[in-house]
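Asks: Just so you know, the sequences run in chain order A and B. Take the first sequence: its letters are residues 1 to 152, numbered as in our numbering. Take the second sequence: its letters are residues 1001 to 1152, numbered as in our numbering. Backbone N, C-alpha and C define an ideal beta-carbon position, used for all residues, glycine too. These numbers were taken from a predicted model, which means no experiment stands behind them. Got a structure for you, written out below as structure tokens; questions coming shortly.
Protein chains: 2
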Amino acid sequence: MDSEQTTQKRAFHDNFRWEGVAHMPYKQDGSAPFKDISRQVLFQEPGMGCELRYFEMDAGGYSTLEQHEHAHAVMILRGCGHCLLGDVVVAVKPFDLVTVPSWTWHQFRATRGEKLGFLCMVNQERDRPQLPTAQGLAALKSVPAIARFLEG
Amino acid sequence: MDSEQTTQKRAFHDNFRWEGVAHMPYKQDGSAPFKDISRQVLFQEPGMGCELRYFEMDAGGYSTLEQHEHAHAVMILRGCGHCLLGDVVVAVKPFDLVTVPSWTWHQFRATRGEKLGFLCMVNQERDRPQLPTAQGLAALKSVPAIARFLEG
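Below, the structure written as structure tokens:
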């Protein structure tokens, strides 16, 4: 009974870590398309169509600018920042909801001098993300608000 | 562009309500198997295997005691309380994770004199919950900790 209880309830610890959940910082070198971000997989259950992950960036960090066929359903949990969503940049704060539809360029950035953390629900079976080409990136940057966002 | 932005980001408002999300209190009469609980569907997207809902109970409220084939993946968001999970009763606090496996009796209760709110990820296609029979309920109550929990 105790072991079941341990498995089925996992306690929240300080600093957005959880009992029994591996904290996975992404390795990065100078050319990485992301900065100072980590991932924790909170739920990945056989028989469920989706998994739930928690991503967190340090102040000034950002997720990969990418697009893919699968959608994301995001809830901010920690801190304020901004995200690029298609052709708009929006400010986000704790518990805001963000839907990232199919084939929509998106990136999250911890722009406010504090950590930014969010939940992301996604299908367990999904396609691989695509990064922008140099040409695609130039097109995105032709929007002044997006250029300012991407230059941090 | 503005209308897309409105759809894709939905702001968190005070008191755990969200822009564009319907707040649905469950109707109840004296014989209802739940008490003082409401539901808000945060994400229900075509093409995603799961949906994400937010349930909230007033102090003293509780969700239906039920079991079903489908699993739940729960994160507490607001307040402290307890949940029944199979044959154990566990205390929960904000950001704790609870996995409700297939065919596991479960109920959440706002036992601490404050609201208790949680996220629940669940498959969009799922079976209907089953309630306990009188005999099943008696069997659950044969465990003293469960009897105390169910009697509030």
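Is there contact here, the segment 1052-1060 of chain B with the segment 1033-1043 of chain B, by at least three beta-carbon pairs under 8 Å?
Replies: yes
Asks: Candidates B:Arg1053, B:Ala1134, B:Asp1127, B:His1106: which alpha carbon is nearest Ile1146 of chain B's?
Replies: B:His1106
Asks: Using only CA atoms, which one of A:Gly49, A:Cys80, A:Glu51, A:Gly47 lies nearest to Tyr62 of chain A?
Replies: A:Cys80
Asks: Since Ala1147 of chain B is in the alpha helix (DSSP H), which residue starts that stretch and which ends it?
Replies: 1144-1150
Asks: Can you grab the Cα-Cα spacing for the pair His1013 of chain B / Leu131 of chain A, in whole Å?
Replies: Rounded to whole angstroms, His1013 of chain B to Leu131 of chain A spans 34 Å at the Cα level.
Asks: Within the 8 Å Cβ cut-off, does Pro1094 of chain B reach chain A?
Replies: yes
Asks: Please state the DSSP three-state secondary structure of Thr99 of chain A.
Replies: Reduced to three states, the DSSP call for Thr99 of chain A is strand.
Asks: Note down, in chain order, each residue of its chain lying with its Cβ closer than 6 Å to the Cβ of Ile76 of chain A, except the 5 sequence neighbours on either side.
Replies: Val92, Pro94, Asp96, Phe118
Asks: Check whether the Cβ of Ser3 of chain A lies closer than 8 Å to any Cβ atom in chain B.
Replies: Because Ser3 of chain A sits at a pLDDT of 45, beneath the cut-off of 50, its placement in the model cannot be relied upon, and the point is left open.
Asks: Thinking C-beta only, is Lys9 of chain A closer than 8 Å to Leu1052 of chain B?
Replies: no
Asks: Which residues share a DSSP beta bridge with Gln8 of chain A?
Replies: In the DSSP output, where bridge partners are listed per residue, Gln8 of chain A has none listed.
Asks: Inspect the beta-carbon positions of Phe149 of chain A and Val100 of chain A and report whether they are closer than 8 Å.
Replies: no
Asks: Give me the subset of the segment 39-55 of chain A whose CB atoms are less than 7 Å from a CB atom of chain B, sorted by chain position.
Replies: Of all residues in the segment 39-55 of chain A, those with a C-beta nearer than 7 Å to a C-beta of chain B are Leu42, Phe43, Glu45, Gly47, Met48, Gly49, Cys50, Leu52, reading in chain order.
Asks: For Arg1017 of chain B, collect the residues of the same chain with a Cβ closer than 7 Å to its Cβ; drop the 5 residues on either side in sequence, then sort them by chain order.
Replies: His1023
Asks: Considering Cα atoms alone, identify which of B:Glu1114, B:Phe1108, B:Ala1134 is closest to Phe1034 of chain B.
Replies: Distances from the CA of Phe1034 of chain B to each of B:Glu1114, B:Phe1108, B:Ala1134 were compared; the closest alpha carbon is that of B:Phe1108.
Asks: If you draw a straight line from the C-alpha of Met48 of chain A to the C-alpha of His1082 of chain B, how long is it?
Replies: 24 Å
Asks: Just mark Gly152 of chain A as buried or exposed, buried being the case when its beta carbon has 16 or more other beta carbons within 10 Å.
Replies: Counting Cβ neighbours within 10 Å, Gly152 of chain A comes out exposed, since fewer than 16 surround it.
Asks: From this set, A:His68, A:Ser31, A:His72, which residue's C-alpha is nearest Pro129 of chain A's C-alpha?
Replies: A:His68
Asks: Just to confirm, is the Cβ distance from Gln1124 of chain B to Cys1050 of chain B under 8 Å?
Replies: The criterion of a C-beta distance shorter than 8 Å is satisfied by Gln1124 of chain B and Cys1050 of chain B.
Asks: Could you check if Ala1138 of chain B is buried or exposed, using at least 16 other CB atoms within 10 Å of its CB as the buried criterion?
Replies: The residue is exposed, with fewer than 16 neighbouring Cβ atoms inside 10 Å.
Asks: Does the beta carbon of Asn1123 of chain B come closer than 8 Å to any beta carbon on chain A?
Replies: yes
Asks: What are the boundary residues of the alpha helix (DSSP H) that Gly136 of chain A is part of?
Replies: 134-141
Asks: Determine which residues of the segment 1099-1116 of chain B have a Cβ less than 9 Å from any Cβ of chain A, and write them out in chain order.
Replies: Those would be Thr1099, Val1100, Pro1101, Ser1102, Thr1104, in chain order.
Asks: Taking the alpha carbon of Ala1071 of chain B as the reference point, which residue from B:Pro1025, B:Gln1044, B:Ser1102 has its own alpha carbon closest?
Replies: B:Ser1102
Asks: If you draw a straight line from the alpha carbon of Ala1110 of chain B to that of Glu1066 of chain B, how long is it in whole angstroms?
Replies: 17 Å
Asks: Less than 8 Å between CB atoms is the rule here; does Gln1130 of chain B satisfy it with respect to chain A?
Replies: no
Asks: Rounded to whole angstroms, what's the CA-CA distance from Phe140 of chain A to Gly1020 of chain B? Just pull it up for me.
Replies: Residue identity check: residue 140 of chain A is Leu in the sequence provided, not Phe. Cα to Cα, the separation comes out at about 29 Å.
Asks: Whose C-beta lies closer than 8 Å to the C-beta of Tyr26 of chain A among residues of the same chain, with five residues either side of it excluded?
Replies: Ala32, Phe34, Ile37, Ser38, Arg39
Asks: Please list, in chain order, all residues of the same chain as Thr64 of chain A whose beta carbon is under 8 Å from its beta carbon, the five residues on each side excluded.
Replies: Pro33, Phe34, Gln107, Pro129, Leu131
Asks: Out of B:Glu1114, B:Pro1144, B:Met1121, B:Val1098, which one is the CA nearest neighbour of Arg1078 of chain B?
Replies: B:Glu1114
Asks: Relative to the C-alpha of Cys120 of chain A, which candidate in A:Gln44, A:Asn15, A:Gly30, A:Asp29 has its C-alpha closest?
Replies: A:Gln44
Asks: Chain A partners of Lys1141 of chain B, CB-CB under 9 Å?
Replies: Residues of chain A passing the Cβ test: none, with the nearest at roughly 17 Å.
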